[in-house]
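Residues in the sequence shown are numbered from 1 upward in steps of one, following this note's numbering.
Even for Gly, the Cβ is constructed at its ideal location relative to N, Cα and C.
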Amino acid sequence: MKILMIQPIYDTQFTVRALLAKIEKIVAQQEVDIVVFPESFYQAATYDAAMKIMYKMADKLRVALLSGVSLADGSEWALYYNPNPKDWETRETAFVKHSTATKLAFDYDPQVLTDKDVYRPIYLKDYALQAIISHDLFFPLITERLEREGMDMLIHLTEGNVKMSKWHNVLRGRSFETSALILCTMGHDPEQKQASDIIAYRKGVRIVPEFMVGDSFDHEDACHLFDLACLEYVPEKNKNYYSDKKYEAFTIGNDVEADVYFDSRRKRVKTKLDKVEQHENSFVVEKNGERVHIHSGTFKDLKNRLYVHNQPSTPGEHHIIVYHVNKYITNKQKAIALLKLRAIENRIAVVLITKNMFIGAKTTRYKDIQLFNPIDEKIGFDLTFMKGIDSVFQRSNRKLGIPKKYEQAYLSLKHEQRT
């Protein structure tokens with residue numbers, strides 16, 4: 001299957017008509033099975049009006065289309081339409097954004113989402129495709145829900161102009177976490193400072209397109225064609241940058257000098273502090289008036305996106321998960337990528353202790369990552385932005401995430417059955 005990813009350049013010269021004419025020429029010269037546009041590529045008053053635009057574009061290009069669209073009610077959708085589906089292929093479906101929008105998936109009656117097959121995959125050729133929009137990728141239970149339905153490929157639509165390192169951390173982490181090909185496209189506004197790109201990963205390795213025209217640096221709409229039959233991988237150095245900060249608010253180490261330490265002989269996480277709570281795989285301690293919940297997990301648990309969600313938690317606690325395994329890790333890049341992903345998506349601190357790795361990570365206010373190597377045999381944390389899953393929900397501005405009132409609706413995604 002061949003996928004044409006589009007990155008519009010929204011400068012003063014941009015018109016949808018000119019972009020479609022450019023795509024029409026490519027489709028006439030290259031074999032293309034689906035054309036993908038970014039989040040909010042066009043606007044419409046209603047869902048039905050938006051689908052009519054999809055029909056017109058598909059009739060013009062004569063291929064399947066996946067496009068982001070903004071509706072007048074403040075919702076963001078990824079609409080799909082195939083003008084010539086085979087018997088087993090999807091003709092029409094949609095996905096609606098769950099976070100950072102005026103109207104979210106959780107605002108709709110659940111029957112509306114069912115009727116529109118929001119979580120069911122797009123079947124095209126021999127593949128099951130899932131679409132996801134912007135910051136929804138940062139919420140693991142949305143990916144969990146989509147993957148449970150079937151997902152050979154995850155197509156991520158973003159509006160554009162993002163902190164690129166943050167986006168790569170999540171896209172690359174998800175590509176290690178799933179067996180799916182991860183593709184991302186976004187628009188670009190040259191008046192804004194941050195960058196935009198078309199990104200593809202499989203198993204943590206960057207993929208380059210078979211064919212490409214245009215580039216945002218040249219203010220020209222970019223079109224990248226990926227051929228699933230012959231993906232070209234590009235080895236990256238993936239250099240990780242470690243913080244030089246030495247925090248003492250709470251420390252993790254390999255001996256009793258740290259607040260919490262790993263006993264390698266007994267394969268247990270221990271503490272010299274008084275425990276105020278004890279659970280099956282975790283305990284809570286207090287230090288300087290702060291409650292810190294220490295969770296113990298294996299390397300297998302690091303690869304499981306639901307592990308954190310299945311742990312006990314009380315609002316207001318700081319959370320640190322110590323993942324440990326008594327063996328050598330051969331794919332260190334995978335381990336570090338997953339460590340970053342767990343810290344970002346759950347707002348926690350994480351530590352990995354193996355025979356050849358001792359690394360810590362935590363997120364910052366804006367979901368960037370701090371990586372830590374041990375200093376004096378300890379990794380220290382400052383107890384900021386470590387309050388766990390409860391802290392990812394927004395109390396005021398829904399455009400910054402998922403509102404607190406929808407916490408249970410979001411958490412229920414991990415229990416919902418396949419449609």
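Asked                                                                                                                                                        : Found
Among the residues of its own chain, which have a CB less than 7 Å from the CB of Lys166, if the five just before and after it don't count?                  : Lys367, Asp368
Report the partner residues of Leu141 according to the DSSP bridge assignment.                                                                               : According to DSSP, Leu141 bridges with nothing at all.
Decide if Pro235 is buried, meaning its Cβ has at least 16 other Cβ atoms within 10 Å, or exposed.                                                           : exposed
Do you know whose CA, among His279, Ala337, Asp376, lies nearest Lys303's CA?                                                                                : Ala337
Quick check: the Cα distance between Ala249 and Pro403, rounded to an integer number of angstroms?                                                           : 30 Å
For a quick check, are the C-beta atoms of Thr271 and Val260 less than 7 Å apart?                                                                            : yes
Suppose you measure from the CA of Val208 to the CA of Leu228; what does that come to, to the nearest Å?                                                     : 11 Å
Skipping 5 residues on each side, what residues in its chain have a beta carbon closer than 8 Å to that of Glu286?                                           : Leu273, Asp274, Val276, Val292
Do you know offhand how far Phe211's Cα is from Ser243's?                                                                                                    : 38 Å
Pick out whichever of Lys25, Val112, Tyr119 has its Cα sitting closest to the Cα of Arg418.                                                                  : Tyr119
Rounded to whole angstroms, what is the Cα-Cα separation between Met357 and Ser264?                                                                          : 13 Å
Check the C-beta distance from Val322 over to Phe262 and give it rounded, since I have them as a contact under 8 Å.                                          : 6 Å
How is Asp152 classed by DSSP in three states: helix, strand or coil?                                                                                        : coil
Mapping DSSP to helix, strand and coil, what is Gly401?                                                                                                      : coil
Using a Cβ-Cβ cutoff of less than 6 Å, which residues in the same chain neighbour Asn238 once the five nearest sequence positions on both sides are dropped? : Gln333
Would a check of beta-carbon distances place Leu20 closer than 7 Å to chain C?                                                                               : The structure shown has no chain C; it contains just one protein chain.
Please classify Lys362 as buried or exposed, where buried requires at least 16 neighbouring CB atoms within 10 angstroms.                                    : buried
By DSSP, does Ser196 sit in helix, in strand, or in coil?                                                                                                    : coil
Could you tell me which residues DSSP puts in a beta bridge with Asp215?                                                                                     : Glu220
Tell me the residue span of the beta strand (DSSP E) that contains Lys56.                                                                                    : Per DSSP, Lys56 belongs to no beta strand (DSSP E); it is in the alpha helix (DSSP H), 47-61.
Among Ile122, Leu141, Gly401, Asp87, which has the Cα closest to the Cα of Val308?                                                                           : Leu141
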